[in-house]
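Notes follow once the structure below has been shown.
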Amino acid sequence: MSVPGFTTPDGSCKGRLLVATPPLADPNFDRTVVYMLEHTADGAVGVVLNRPLDEPPPDALYAWEDHLTPPATIFQGGPVDLDALIALAHLDNPAEGAWSQVTDMLGSIDLMLDPAEVATGVHRLRVFRGYSGWGAAQLDDEYAAGAWMVLPAEADDVFSPEPGDLWRTVLRRQGGRLAWLANAPDDLSAN
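For what it's worth, my numbering labels the leading residue of the sequence shown as 222, then goes sequentially.
Quick look at the structure:
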């Protein structure tokens, strides 16, 4: 099922942002901005961009620590598979098989490799613990119910230096009525 206006002409919101509408009843996604890595008829996968965990990178990421974009911490990518680490990066000359391209400038990388094996240069890197996932048509149904807005992603969204402000920032730059939502109080009954 595809909801009119929800997806791009190719039927996917891959490379776009899902912005939670206030208030989203699921605490895993309240006021989140999710960057979509994949969206097909079989389901969808993304990572939450605005939930830094303020924890040091695990020892397994030692070789990558110097490449982390500030704030240099791990982010809560979503409620699914919290043992999984997903890394998104902007690279110079990525090696064949070392990354999975999402957009022209952005892809996920294999953290088990040494940085020198992945690319000639790593410009920006963000690592997420877990991911956000939806089964077939589940995301379309949530969108139809008004839980999400699908908005264009800008190049700096994934690597925002102030991820705690990203939800409001994305809404404000939309202008018009969507920009008004940026000022919605956490408790709508207090308005």
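Just so it is clear, CB atoms sit at the ideal spot from N, CA and C, and this is done for glycine as well.
If only uninterrupted beta strand (DSSP E) runs of at least 3 residues are considered, those enclosed by the segment 333 to 401 are 340 to 356, 369 to 372.
Taking a 10 Å sphere around the C-beta of His311, we find 16 or more other C-beta atoms and assign the residue as buried.
The alpha-carbon separation between Ser381 and Glu317 amounts to approximately 27 Å.
With 16 or more other CB atoms across the displayed protein chains lying within 10 angstroms of its CB, Val339 is buried. With contacts defined by Cβ atoms closer than 8 Å, Leu332 and Trp285 form a contacting pair. Going by DSSP, Met257 is part of the beta strand (DSSP E) stretching over 254 to 261. Judged by DSSP secondary structure, Val323 falls outside any beta strand (DSSP E); it is assigned neither H nor E. Sequence-distant Cβ neighbours of Phe349 in its own chain, meaning closer than 6 Å and more than five residues away, are Val268, Phe296, Gly298, Ile307. Counting of Cβ neighbours within 10 angstroms places Met257 among the buried residues, the total reaching 16 or more.
Under the three-state reduction of DSSP, Ala308 is assigned to strand. With fewer than 16 neighbouring CB atoms inside 10 Å of its own CB, Pro373 falls in the exposed class.
Taking Trp388 as reference, the option from Ala241, Glu259, Ala281, Ser329 with the minimal CA-CA separation is Ala241.
Within the model, the alpha-carbon separation for Arg252 versus Gly367 is close to 13 Å.
Short of 6 Å from the beta carbon of Leu399, and not among the five residues preceding or following it, lie these beta carbons of its own chain, in chain order: Leu392. For the set Gly264, Val254, Arg237, Gly236, the Cα lying nearest the Cα of Ala358 is the one of Gly264.
Here DSSP, grouped into helix, strand and coil, assigns Ala241 to strand. In this structure, Leu289 and Gly351 do not form a Cβ contact; the two beta carbons are roughly 17 Å apart against a cut-off of 8 Å. Comparing C-alpha distances from Phe250 to each of Asp335, Ala337, Gly328, Pro300 shows the shortest one belongs to Pro300.
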